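These notes concern the structure reproduced below.
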Amino acid sequence: MELFLMSLVNGILVGGIYALVALGWVLIYKCSGVLNLAMGELTLVGAYVTLTFYEMGLPFFAAVLCTLAVGIILGILVERVFLDKLIGEPVLTVIMVTVGISFFFRGLVEFIWGTDTRVFEPPIFPIEPISIGFLKMSPVYLWSFILAIVLLLVFVGFFKYTRWGLAMQATADDETAALSLGISARFVYAAAWSIAFMSAGVGGALLGNINGINISVGYLGLLVLPAVVLGGLNSIPGAIVGGIVIGVLQNLSGTYLDKYFPGGVKDIVPFVFMAIFLLFKPYGLWGWEKIERV
Amino acid sequence: MSTVWLPCGTYHQSYEQDQGWWQTTFIRFKMILLLLCIFVFIPLFLPSYFVGVATMVGYTAMGALGVQLLIGYAGLVTLGHAAFIAVGAYTATLLVLQVPWPQWMLDLGLAYPISIVVAGIVGGIWCVLFGLPSAKVKGFYLILTTMAAQFVTVDFILTQYISQIGGRGQAFSLPPGTIKVGPIVIDSEREVYYLMAVLTTLMVMALANLLRSKVGRAWVAIRDNDIAAETMGINIVWYKLLAFFVAGLFGGVAGAFWISNTAALSPEHFPWFWSLWLVGVILIGGIGSIHGAIFGSMFMVIVMELLQWVVIPLSTYYPKLLVDFAYIKDSAFGLAIIAFLIYEPNGLAYRWWQIKNYFNLWPFSY
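Protein sequence lines, in the order shown, are assigned to chains A and B. The letter at position 82 of the first sequence is residue 82 when you use our numbering, and the numbering goes up by one with no holes. Add 1000 to the 1-based position in the second sequence for our numbering, that's all there is to it.
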């Protein structure tokens, strides 16, 4: 029972990070209809950028702030250079452009930073576990979760209450109507990509704190895809719930299934679960059902 | 309406003529020239380096044909095709190595050909298994189930379990002489090339034939509008699963061929990267055309070889460059895909079609 609770809590804590990254994904999809497969590489870039700032001597939180700034710039650049020209193209084209972006960034990251596992040195969070009651958790998880939730709230607040966020919501709801009311679609897309870069970047930095930074952080970033599918592609609460569910599932399967299927069952369970889940709910938990007519 | 351009004065009188493969003397001449080129000129007159490159083109094309069928003809986007190639490769290897073949079959060299066929079928069945959700889900949701195929098959089942069979750790190796087709032992560049050429030709023929039959028309109808196709009386689930089966079959055969080229096998030959690469190949070649798969493979393989030619001389000055080549390759591939999608969205096959049309009307293009 204690083991169960421990895995559950750790799963929720990691799930918070996934939820943050998933939020960035959903915002892009909602605002511009782009299915972004480059999310893993965005987390990778964020992780390495934070590491670089940290190694330059900045404190961790300042490094995260700098990563946010870099995220904004990269988001606007990517949108302007690559995706701007593709408005109105078929979905597959846009998906493959994001795949191209992912290759580009992955190559770039490996070229600049190499493939060895790097860690934040000196470690940012103390190693001794914090005990709450009988639950023991490592401070990395706890602080990452808190930071992720704070950022999540900031982004959701931005989307819900600010003027720019309202413009994004309007575009997500009906692009033509939004354009006719004088909202700049290009601005909205750039904002969505910036938020995605920021959330993925911070998510990557936090994930990198847990396991060290190498290419597999990109794979962890890819786990947001089952998360968003689980929640439904265009639902923000869905992304958050999906992220946490995927985190919990990953940890529980790591605890219980690893005995029966040794070796990495933890990493594929989210995908298997998602494939089976889709058989029963083809649009995720809260995704919009598309009514198709001939 | 004939599917090819007919010169003035050539008329068709029956449906068979209309649907024929080689409809005019010129096309027949051209195709025989092409076959001569593939089966005689390349293997016999070119240095073995070029034969090796051509083999690589063929292997890529075999995988890309399956992806082309799924994405370009049936409209089912797949991002996990390397998994099915891997399944084929592992099935063939295990059959060749682990099954106690009777001696007369080994003498006749039947073990490997039978393995290729079985590998194709197993690959097809595996592909259908992951295609099952396509009965209900579409679009992006389906893309994710094919990604699940990649991670479950390659990163988990093959890496953790199948590669451990026989206690060799990660990689299988095929001792020389095990890969034998009939009396010929496949162990040099040229023999591998011939095997590739025969398999690729057979696959192209099979796919072209399927596409001009009822099945192919059903796939295209599903791709264009699946609800309309269903109202026309096409059993869309059956045809979608059939598309998955055929694509998996091609993948499986491609994988079974691959082991003859490397004589060794490990899960690292089939990363997710390779699945994406195959999709990139057909996007660059052109979606919805067999030419596209072939042109795309030629383009990608040749460009990467050229890149290598550029990098190797430079590496005397910058030794780090050789190590970083793999990463530059990734980045270059990403940029190539993006550039093609933005500036040439119809792919190389469309360009080829335009050139052909130009010369059909040349010199009086009005």
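Every residue, glycine too, gets a C-beta built ideally from N, C-alpha and C. Every value quoted in this text rests on a predicted model; they were computed, and no experiment measured them.
In chain order, each beta strand (DSSP E) run of at least 3 residues that lies wholly inside the region 122–147 of chain A: 130–132, 135–137
Anything in chain B within Cβ reach of A:E79, meaning under 8 Å, just list it in chain order. Mapped onto the first sequence, residue 79 of chain A falls at position 79. None at all; the shortest Cβ gap to chain B is about 13 Å.
Taking CB distances under 7 Å as the criterion, tell me whether A:L223 reaches chain B. As a first step, residue 223 of chain A must be located in the first sequence, where it is residue number 223. Closer than 7 Å: no.
Proximity below 7 Å, CB of A:F187 to CB of A:G71: Here residue 187 of chain A refers to the residue found at position 187 when the first sequence is read from its first residue. Here residue 71 of chain A refers to the residue found at position 71 when the first sequence is read from its first residue. No; because the gap between Cβ atoms is not below 7 Å, this pair is not in contact.
Along the alpha helix (DSSP H) that carries A:C66, what are the first and last residues, could you check? Position 66 of the first sequence, counted from the first residue, corresponds to residue 66 of chain A. It spans 60–78 - the alpha helix (DSSP H) in which A:C66 sits, taken as one unbroken run.
Residue ranges of each alpha helix (DSSP H) run of no fewer than 4 residues wholly in the region 145–190 of chain A, ordered along the chain? 163–173, 175–180
Measuring only the C-alpha atoms, how far is B:I1038 from B:V1057? In the second sequence, counting from the first residue as 1, residue 1038 of chain B sits at position 38. In the second sequence, counting from the first residue as 1, residue 1057 of chain B sits at position 57. Answer to the nearest angstrom: the Cα atoms are 12 Å apart.
State the CB to CB distance for the pair B:W1184 and B:A1074, rounded to an integer number of angstroms; the pair is presumed to be in contact (CB under 8 Å). Residue 1184 of chain B sits at position 184 when you count from the first residue of the second sequence. Residue 1074 of chain B sits at position 74 when you count from the first residue of the second sequence. Correcting the residue type first, residue 1184 of chain B is Ile in the shown sequence and not Trp. Not a contact, Cβ separation roughly 36 Å.
Run through chain B and tell me which residues come within less than 9 Å of A:D267, C-beta to C-beta. Looking up residue 267 of chain A in the first sequence gives position 267. Under the 9 Å cutoff, chain B gives F1151, D1155, F1156.
Buried versus exposed, by CB contacts within 10 Å (16 or more), B:P1047: Here residue 1047 of chain B is taken as the residue at index 47 of the second sequence, counted from 1. Classification of B:P1047: exposed, given that the 10 Å Cβ count is below 16.
Near-chain E residues of the region 141–165 of chain A - C-beta to any C-beta below 8 Å: Going by chain labels, chain E is absent from the structure shown, which instead holds the protein chains A and B.
For B:F1029, does the count of other Cβ atoms within 10 angstroms reach 16, so buried, or fall short, so exposed? Numbered from its first residue, the second sequence carries residue 1029 of chain B at position 29. B:F1029 should be labelled exposed.
Closest by C-alpha distance to A:L35, when choosing among B:P1345, B:V1077, B:G1233: Start at 1 with the first residue of the first sequence, and residue 35 of chain A comes out as number 35. Minimum Cα distance to A:L35 is reached at B:V1077.
The region 269–280 of chain A: positions lying closer than 7 Å to chain B by Cβ: F271, V272, M274, A275, L278, L279
Among A:T171, A:E2, A:S7, A:A191, which residue has its Cα nearest to the Cα of A:Q250? Within the first sequence, the letter at position 250 stands for residue 250 of chain A. Of the listed residues, the one whose Cα sits closest to A:Q250 is A:S7.
7 Å Cβ cutoff, B:T1145 in contact with chain A: To locate residue 1145 of chain B, count along the second sequence from 1; it is residue 145. Interface residue, yes.
Under 7 Å (Cβ pairs) to chain B, residues found in the region 105–116 of chain A: R106, G107, L108, E110, F111
Per the DSSP calculation, B:F1172 is bridged to which residue(s)? If you number the second sequence from 1, residue 1172 of chain B lands on position 172. In the DSSP output, where bridge partners are listed per residue, B:F1172 has B:L1265.
In this structure, how does DSSP classify B:K1180 when only helix, strand and coil are distinguished? The count along the second sequence starts at 1 and reaches residue 1180 of chain B at position 180. Three-state DSSP puts B:K1180 in a strand.
Three-state class that DSSP yields for A:I17 in the structure shown: As a working note, residue 17 of chain A is residue 17 in the first sequence. Correct three-state label for A:I17: helix.
B:I989 in three-state terms, based on DSSP: Nothing in the structure corresponds to residue 989 of chain B, since chain B is present only between 1001 and 1366.
Inter-stretch contact at 8 Å, needing at least 3 Cβ pairs: the region 1266–1279 of chain B / the region 1081–1093 of chain B: yes
What would DSSP say about A:I195, mapped onto helix, strand or coil? To locate residue 195 of chain A, count along the first sequence from 1; it is residue 195. Reduced to three states, the DSSP call for A:I195 is helix.
In the DSSP assignment, what are the bridge partners of B:V1185? Translated into the one-based positions of the second sequence, residue 1185 of chain B becomes position 185. DSSP lists B:K1180 as partners of B:V1185.
Start-to-end residues for the alpha helix (DSSP H) that takes in B:N1235: Within the second sequence, numbered from 1, the residue matching residue 1235 of chain B stands at position 235. Segment: none, B:N1235 is in no alpha helix (DSSP H) and carries neither H nor E.
Work out the CA separation of B:G1292 and B:P1175 for me, nearest whole Å. Locating residue 1175 of chain B in the second sequence gives position 175, where the first residue counts as 1. Locating residue 1292 of chain B in the second sequence gives position 292, where the first residue counts as 1. So the alpha carbons of these two residues sit roughly 36 Å apart.
Taking only the alpha-carbon atoms, compute the straight-line gap between B:Q1354 and B:F1041 and give it to the nearest angstrom. To locate residue 1354 of chain B, count along the second sequence from 1; it is residue 354. To locate residue 1041 of chain B, count along the second sequence from 1; it is residue 41. About 27 Å.
Are the C-beta of B:A1148 and some C-beta of chain A separated by less than 7 Å? Along the second sequence, read from residue 1 onward, the residue named residue 1148 of chain B stands at position 148. With 7 Å as the cut-off, B:A1148 counts as an interface residue toward chain A.
According to a CB-to-CB cut-off of less than 9 Å, which residues of the region 1123–1141 of chain B neighbour chain A? F1130, L1132, P1133, A1135, K1136, V1137, K1138, G1139, F1140, Y1141
Note down, in chain order, each residue of its chain lying with its Cβ closer than 7 Å to the Cβ of A:I28, except the 5 sequence neighbours on either side. Taking the first sequence and counting its residues from 1, one reaches residue 28 of chain A at position 28. Around A:I28: V34, N36, A192, W193, A196.
To the nearest angstrom, report how far apart A:A313 and B:S1163 are at their CA atoms. Past the edges of chain A, shown from 1 to 294, lies residue 313 of chain A, and the structure says nothing about it.
Is the beta carbon of B:I1282 closer than 7 Å to that of B:A1061? Taking the first residue of the second sequence as 1, we reach residue 1061 of chain B at position 61. Taking the first residue of the second sequence as 1, we reach residue 1282 of chain B at position 282. No, they are not a contact pair.
Relative to chain A, which residues along the region 1311–1333 of chain B have a C-beta separation below 8 Å, given in chain order? D1324, A1326, Y1327, I1328, K1329, D1330, S1331, A1332, F1333
Is the number of C-beta pairs between the region 1251–1266 of chain B and the region 1101–1120 of chain B that are closer than 8 Å three or more? yes
In or out: B:C1008 buried (at least 16 other Cβ within 10 Å) or exposed? Start at 1 with the first residue of the second sequence, and residue 1008 of chain B comes out as number 8. Classification of B:C1008: exposed, given that the 10 Å Cβ count is below 16.
Excluding sequence positions up to five away, which residues of its chain have a Cβ less than 6 Å from the Cβ of A:L42? Within the first sequence, residue 42 of chain A is the residue found at index 42, counting from 1. So the qualifying residues of the chain are F197, A200.
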